[in-house]
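2 protein chains.
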Amino acid sequence: MSNSIAVIKIGGNVIDDNVKLTAFLQDFSKLKGPKILVHGGGKKSSQFSKEIGLTPTMHQGRRITDAATLDVVTMVYAGLINKNIVAQLQSLGCNALGMSGADGNAIQSVKRNHPEIDFGFVGDVEKVNTDFIQTQLSQGITPVFCAITHNKKGQLLNTNADTIASEVAASLSNAFEVVLHYCFEKKGVLQSVEDDDSVIPFIDTTSYKTLLDSGIIADGMLPKLKNCFDALNKGVQSVNIGLPAMINNASYPRTQIKL
Amino acid sequence: MSNSIAVIKIGGNVIDDNVKLTAFLQDFSKLKGPKILVHGGGKKSSQFSKEIGLTPTMHQGRRITDAATLDVVTMVYAGLINKNIVAQLQSLGCNALGMSGADGNAIQSVKRNHPEIDFGFVGDVEKVNTDFIQTQLSQGITPVFCAITHNKKGQLLNTNADTIASEVAASLSNAFEVVLHYCFEKKGVLQSVEDDDSVIPFIDTTSYKTLLDSGIIADGMLPKLKNCFDALNKGVQSVNIGLPAMINNASYPRTQIKL
Chain A
1 MSNSIAVIKI GGNVIDDNVK LTAFLQDFSK LKGPKILVHG GGKKSSQFSK EIGLTPTMHQ
61 GRRITDAATL DVVTMVYAGL INKNIVAQLQ SLGCNALGMS GADGNAIQSV KRNHPEIDFG
121 FVGDVEKVNT DFIQTQLSQG ITPVFCAITH NKKGQLLNTN ADTIASEVAA SLSNAFEVVL
181 HYCFEKKGVL QSVEDDDSVI PFIDTTSYKT LLDSGIIADG MLPKLKNCFD ALNKGVQSVN
241 IGLPAMINNA SYPRTQIKL
Chain B
260 MSNSIAVIKI GGNVIDDNVK LTAFLQDFSK LKGPKILVHG GGKKSSQFSK EIGLTPTMHQ
320 GRRITDAATL DVVTMVYAGL INKNIVAQLQ SLGCNALGMS GADGNAIQSV KRNHPEIDFG
380 FVGDVEKVNT DFIQTQLSQG ITPVFCAITH NKKGQLLNTN ADTIASEVAA SLSNAFEVVL
440 HYCFEKKGVL QSVEDDDSVI PFIDTTSYKT LLDSGIIADG MLPKLKNCFD ALNKGVQSVN
500 IGLPAMINNA SYPRTQIKL
């Protein structure tokens, strides 16, 4: 396979900071070849929820997406954040098309059915419409996905953006050599949380177990690394975790995840 | 030309009423052949603006889209309303793709430059990306446009949905026989506002002048009819005003606008 594609996920640390977001979008728009952006939500949905008097619904310490919260995240993720990113990318000459998973039936999910906790309107990705995404890419379109999907029965569902990135990357790995970048607020997975420069350059299946056992990978890094290994196991060729600056600077620090 | 397309605009009377919206979307999804939906905003953006404590900005009696209001309409139109419509259409077997004018650079507009009133972030349509829309249609996609466009310089702009429908319809009139339906809360343009059944079946350029002079066409009908005649003058083959039920029932009352 000679054709490669970059799938890049950004989160709140970029989305909530206009200067960082603009710098990232400039870097992203300069990437050659086909590319896909997946964005999380950031703090704006919590801010709006508070402003309209919504109290976060928690159950056993986990946040629940009730109907009112689903409306807010749909507004903020698919509306405010997605369309502002698309407009900025268009101004930079990148032909972006913003989408939820409902659009073009791009990402179908199933409402989470947890034995103990009712998470509300939360969806787990069931299938990605690879043909639709490939057709858009073949026309020079850059898909920009927000973290909202649907169940094909008329219900929108709040969905983890890291998982969307992993599943979209995996769905394209038959047709492309896929590089998946998880951008976050650190230079990579750290050996010591107190030392920003203690980046672990490579993690493979073996060292992953050691890092888990030693507690070095914990908390928020657990689901992120699960998404990385899921992508690799489903055929994604390369997965990196690090700062947004890594995406078009091959010598920039990062943690490379391997099988 | 043998291929025809329907461009249908719905407004607040449908959007704000879940029963009416579902009935409309069922009718819409049953329409054969290529079709495009354009939706306005309804009351939700005003409700949400109030909830977050925004005071409508007025200037000489006209509503101004300041930055905070633009954020709200982007959230409500491009997020909440657009994505719920798309999810419902997908559940009905219609392969909808929701878009603002920024997506795929579908609709580029210019910030309104009024000699007396600064309308804020309001855009007047400058050009429609016909190639992009036709490519989507050729793949069986049903574009669903909200009333947000962009200026290709990174700025989103609040844009009249009737005008978007008129301009999108006009842009396709070289390639298709275009039927443009403006759905609203009446069976058509009324001879007497007090008699819902006094529908004027046909309006052409000549009778339009008479109706204007007599004051029968006034207020909100003025810009709507301007958009109708703009569409016809730019090549749209057929324009109708009436209830949503007219779209797939040829014998249903309506006002047909002609040159």
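Line order of the protein sequences matches chains A and B. Residue 14 in our numbering sits at position 14 of the first sequence; the count goes up by one each step and never skips. Residue 343 in our numbering sits at position 84 of the second sequence; the count goes up by one each step and never skips. Quick reminder that beta carbons are idealized off the backbone N, C-alpha and C, glycines included.
Next on the checklist: Classify T514 of chain B: buried if its beta carbon has 16 or more other beta carbons within 10 angstroms, exposed otherwise.
Outcome noted: Residue 514 of chain B sits at position 255 when you count from the first residue of the second sequence. That one is buried.
Next on the checklist: Beta carbons nearer than 8 Å to chain A: which residues of the segment 406–434 of chain B have them?
Outcome noted: I407, H409, K411, K412, G413, Q414 and L415
Item to check | Candidates B:S497, B:V448 and B:D454: closest to D478 of chain B by CA position | outcome: If you number the second sequence from 1, residue 478 of chain B lands on position 219. Of the listed residues, the one whose Cα sits closest to D478 of chain B is B:V448.
Next on the checklist: For N105 of chain A and L329 of chain B, what's the separation of their Cα atoms in angstroms?
Outcome noted: Position 105 of the first sequence, counting from 1, holds the residue named residue 105 of chain A. Position 70 of the second sequence, counting from 1, holds the residue named residue 329 of chain B. Between N105 of chain A and L329 of chain B, the C-alpha separation is close to 28 Å.
Next on the checklist: Can you look up V236 of chain A in the DSSP assignment and give me helix, strand or coil?
Outcome noted: The count along the first sequence starts at 1 and reaches residue 236 of chain A at position 236. It is coil, neither helix nor strand.
Checklist entry - Between N277 of chain B and chain A, is there a C-beta pair that is closer than 8 Å? => result As a first step, residue 277 of chain B must be located in the second sequence, where it is residue number 18. Not one chain A Cβ lies under 8 Å of N277 of chain B.
Checklist entry - If you draw a straight line from the alpha carbon of S192 of chain A to that of I216 of chain A, how long is it in whole angstroms? => result As a working note, residue 192 of chain A is residue 192 in the first sequence. As a working note, residue 216 of chain A is residue 216 in the first sequence. Distance between the alpha carbons of S192 of chain A and I216 of chain A is about 7 Å.
Next on the checklist: Tell me which residues of the segment 322–347 of chain B have at least one Cβ-Cβ distance to chain A shorter than 8 Å, keeping chain order.
Outcome noted: D330, T333, M334, V335, Y336, A337, G338, L339, N341, K342, N343, V345, A346 and Q347
Checklist entry - If we ignore side chains and look at the alpha-carbon of each, how far apart do M1 of chain A and I117 of chain A end up? => result Working through the first sequence from its first residue, we reach residue 1 of chain A at position 1. Working through the first sequence from its first residue, we reach residue 117 of chain A at position 117. Residue placement at M1 of chain A is flagged as unreliable, the pLDDT there being 43, under the threshold of 50; the coordinate-derived value follows with that caveat. The alpha-carbon atoms of M1 of chain A and I117 of chain A are separated by roughly 44 Å.
Checklist entry - Which residues in the same chain as L97 of chain A place their Cβ atom closer than 8 Å to its Cβ, once the five residues preceding and following it in sequence are excluded? => result What you label residue 97 of chain A is simply residue 97 of the first sequence in a count that begins at 1. Contacts found: V86, Q136, I141, T142, P143 and V144.
Checklist entry - Going straight from the alpha carbon of L471 of chain B to that of F461 of chain B, what length do you get? => result Working through the second sequence from its first residue, we reach residue 471 of chain B at position 212. Working through the second sequence from its first residue, we reach residue 461 of chain B at position 202. Distance between the alpha carbons of L471 of chain B and F461 of chain B: 14 Å.
Item to check | Boundaries of the alpha helix (DSSP H) in which I423 of chain B is found, first to last residue | outcome: The residue given as residue 423 of chain B occupies position 164 in the second sequence. Segment A420 to S430, the alpha helix (DSSP H) holding I423 of chain B.
Checklist entry - Pick from B:K302, B:F380 and B:Y467: whose alpha carbon is nearest that of D276 of chain B? => result Along the second sequence, one-based indexing puts residue 276 of chain B at 17. Per the Cα distances, B:K302.
Item to check | Residues bridged to H181 of chain A [DSSP beta-bridge criterion] | outcome: In the first sequence, residue 181 of chain A corresponds to position 181, counting from 1. DSSP, once it has assigned bridges, lists A:I8 and A:N240 as partnering H181 of chain A.
Checklist entry - With C-beta atoms as the reference, is L21 of chain A less than 8 Å away from T333 of chain B? => result Taking the first residue of the first sequence as 1, we reach residue 21 of chain A at position 21. Taking the first residue of the second sequence as 1, we reach residue 333 of chain B at position 74. Going by C-beta atoms, L21 of chain A is not nearer than 8 Å to T333 of chain B.
Checklist entry - Considering S368 of chain B, what are the terminal residues of the beta strand (DSSP E) in which it resides? => result Sequence index remark: in the second sequence, residue 368 of chain B carries index 109 (1-based). Note, S368 of chain B: beta strand (DSSP E), I366 to K370.
Item to check | Chain-ordered residues of the segment 95–108 of chain A with a beta carbon less than 8 Å from chain B | outcome: N95, A96, L97, G98, M99, S100, A102, D103, G104 and N105
Item to check | Simplified DSSP assignment, three categories, for D124 of chain A | outcome: In the first sequence, residue 124 of chain A corresponds to position 124, counting from 1. Reduced to three states, the DSSP call for D124 of chain A is strand.
Checklist entry - Beta-carbon of E375 of chain B versus every beta-carbon of chain A: anything under 8 Å? => result Numbered from its first residue, the second sequence carries residue 375 of chain B at position 116. No, its Cβ sits nowhere closer than 8 Å to a Cβ of chain A.
Item to check | Rounded separation between F443 of chain B and I36 of chain A - CA only | outcome: The sequence position of residue 443 of chain B within the second sequence is 184, counting from 1. The sequence position of residue 36 of chain A within the first sequence is 36, counting from 1. Those two C-alpha atoms are separated by around 39 Å.
Checklist entry - How would you list, in chain order, the residues of chain A whose beta-carbon sits under 7 Å from the beta-carbon of T394 of chain B? => result The residue given as residue 394 of chain B occupies position 135 in the second sequence. By Cβ distance, chain A contributes Q139.
Item to check | Residue range of the beta strand (DSSP E) that includes L296 of chain B | outcome: Here residue 296 of chain B refers to the residue found at position 37 of the second sequence. Taken as a continuous stretch (DSSP letters only), the beta strand (DSSP E) holding L296 of chain B covers K294 to H298.
Next on the checklist: Counting C-beta neighbours from all protein chains within 10 Å, is the total for Q88 of chain A 16 or more, i.e. buried, or is it exposed?
Outcome noted: Residue mapping note: residue 88 of chain A aligns to position 88 of the first sequence, counting from 1. Classification for Q88 of chain A: buried.
Next on the checklist: Tell me the rounded alpha-carbon separation between I506 of chain B and V273 of chain B.
Outcome noted: The residue given as residue 506 of chain B occupies position 247 in the second sequence. The residue given as residue 273 of chain B occupies position 14 in the second sequence. Cα-Cα distance, rounded: 14 Å.
Checklist entry - Sorted by chain position, which residues of the same chain lie with C-beta nearer than 7 Å to L31 of chain A's C-beta, five sequence neighbours on each side aside? => result The residue labelled residue 31 of chain A in the question sits at position 31 within the first sequence. These residues qualify, in order along the chain: A6, I247 and N248.
Checklist entry - Which stretch, first to last residue, makes up the alpha helix (DSSP H) that contains T210 of chain A? => result Reading the first sequence from its first residue, position 210 is the one you call residue 210 of chain A. Here the alpha helix (DSSP H) through T210 of chain A covers T205 to D213.
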